[in-house]
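Residue numbers (our numbering): 5 to 263.
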Ligand code: PGA
C-alpha cells in the first residue's frame, strides 16, 4: 500500500468539537435522520460541496433526500470518497456510475458537478494527486457522508492506513473484496485496487455523518468509538474530527458499552 501522509489531525478539543452518537430503531430511521441533517444544511445555504459515499448504508439517504423535492441541488458539487481502479469507464459498479445513478440523478445535481477519482487513468497515482488537489481547491466538503466497513475502513482506508494519509492508490483487503462481491457477477471481478481519499483528507470536511446499520457492523462500530484511536481501525479517526454525527441502528450499536 502507498503511504501518502501528512500529520494526523489534532486531537479534538473539548470546547471546539463534538461527536454525537444517536441510536435509532432501524436502517430506515438512520437514513431519514441523515437526510434531515443534510437537508437542514442545504436549506440554510451551507451545502455547496457534499462528500458522498457509496454502499448499501448511504444509498437510501439519497433516495430519502430526493423524495423530499428540496430546491438548491443544482448548485451543489458532489465529491466521492473513492473509486475502484481498473474497471472500464461506464462500468455500472464503478463508483462514478453509482454516484451518478443513486445520488446526482435523483437529486438533480448536474453531472459536470460530480467529482470522482479517475479509476481508469493510465497513472492512478497522478489521478489520486489530482483528486486531492481538486477537493482542496473546492474548499473541502461541507458535510461528508460515511459508511464503515466491517473491518473498520472509511472510504477504502483499510486497517493499517495512517491517520495522516491523503488521497492515494490502495490495495483492497480480501474482506472488503468479499463484502463487495455482491455487487458483481462473481467475486473474481471485484478489483484489487482503488483510489481513496485518505483518512486526513476525509478529516478536512467540516462535518461528518457516519452511518452504520446491522449486526455485521457492531464490532467495527465498537472499535471505532470505544477502541484505541489508530490505524488498526481507520474509522476511529472520526474521534479526531470536529463535528461528527454517528447514526446507528440498534443492531450496529449493540456492542457499545457507553451509548
Ligand atoms: P455498506 O458499505 O454500506 O455497503 O456496508 C459501507 C463501507 O464499506 O464503507
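C-beta: ideal position from N, C-alpha, C; glycine also. All values derive from a computational prediction rather than experimental measurement.
For residue 196, is the classification buried or exposed, using 16 other Cβ atoms within 10 angstroms of its Cβ as the cut-off for buried? Position 192 of the chain shown, counted from the first residue, corresponds to residue 196. That one is exposed.
Under the three-state reduction of DSSP, which class applies to residue 87: helix, strand or coil? Walking along the chain shown from the start, residue 87 turns up at place 83. DSSP places residue 87 in strand when its eight states are reduced to three.
Does ligand 1 have even one heavy atom less than 6 Å from the beta-carbon of residue 207? For the purposes of this step, residue 207 is identified with residue 203 of the chain shown, where counting begins at 1. No; taking the cut-off as 6 Å, the Cβ of residue 207 has no heavy atom of ligand 1 nearer than that.
Cβ contact check for the segment 76-94 and the segment 25-41: 3 or more pairs under 8 Å: no
To which residues of the same chain is residue 253 closer than 8 Å at the C-beta, ignoring the five residues directly before and after it? Counting from 1 along the chain shown, the entry for residue 253 is found at position 249. Counting only Cβ-Cβ distances below 8 Å, and skipping sequence neighbours, we find 27, 28, 29, 30, 31, 33, 34, 216, 217 and 218.
Quick one: what's got a C-beta closer than 7 Å to residue 110's C-beta in the same chain, skipping five residues either side? For the purposes of this step, residue 110 is taken as the residue at position 106 of the chain shown. Excluding sequence neighbours, residue 110 sits near 66, 67 and 70.
Do residue 150 and residue 57 count as a contact pair if the criterion is CB distance below 7 Å? Taking the chain shown and counting its residues from 1, the one referred to as residue 57 is at position 53. Taking the chain shown and counting its residues from 1, the one referred to as residue 150 is at position 146. For residue 57 and residue 150, yes; Cβs fall inside 7 Å.
Tell me whether residue 164 counts as near ligand 1, meaning its Cβ is closer than 6 Å to at least one heavy atom of that ligand. By 1-based counting over the chain shown, the position of residue 164 is 160. False, no ligand heavy atom lies under 6 Å from that Cβ.
Under the three-state DSSP convention, the category residue 240 falls into: Counting from 1 along the chain shown, the entry for residue 240 is found at position 236. Residue 240: helix per DSSP, three-state reduction.
Could you tell me if the beta carbon of residue 55 falls within a distance shorter than 6 Å of some heavy atom in ligand 1? Counted from its first residue, the chain shown places residue 55 at position 51. No.
If the criterion is Cβ atoms closer than 7 Å, does the pair residue 236 and residue 166 meet it? Along the chain shown, read from residue 1 onward, the residue named residue 236 stands at position 232. Along the chain shown, read from residue 1 onward, the residue named residue 166 stands at position 162. Contact: no.
Three-way DSSP call (helix, strand, coil) for residue 180 in this model: As a working note, residue 180 is residue 176 in the chain shown. The answer is helix: DSSP assigns residue 180 an H, G or I state.
Kindly indicate which three-state DSSP category residue 167 falls into: helix, strand or coil? Indexing the chain shown from 1 puts residue 167 at position 163. Coil at residue 167, not helix or strand.
Of the listed residues 129, 52, 87 and 206, nearest to residue 184 (C-alpha basis): Here the question's residue 184 lines up with position 180 in the chain shown. Comparing Cα-Cα distances from residue 184 to each of 129, 52, 87 and 206, the minimum goes to 87.
Tell me whether residue 202, by its Cβ, gets closer than 6 Å to a heavy atom of ligand 1. Walking along the chain shown from the start, residue 202 turns up at place 198. Not under cutoff, so the answer is no.
Near residue 18, what residues of its chain come up, given a Cβ to Cβ distance below 7 Å and the 5 sequence neighbours on each side ignored? Numbered from its first residue, the chain shown carries residue 18 at position 14. Note on residue 18: pLDDT 44, under 50, position unreliable in the model; the coordinate value appears next. So the list is empty, once near-sequence residues are dropped.
Let me check you understand the geometry: is the CB of residue 59 closer than 6 Å to at least one non-hydrogen atom of ligand 1? By 1-based counting over the chain shown, the position of residue 59 is 55. For ligand 1, at least one heavy atom lies less than 6 Å from the Cβ of residue 59.
Within 6 Å: the Cβ of residue 151 and any heavy atom of ligand 1? For this step, residue 151 is matched to residue 147 along the chain shown. Yes, since a heavy atom of ligand 1 falls inside the 6 Å radius drawn around the Cβ of residue 151.
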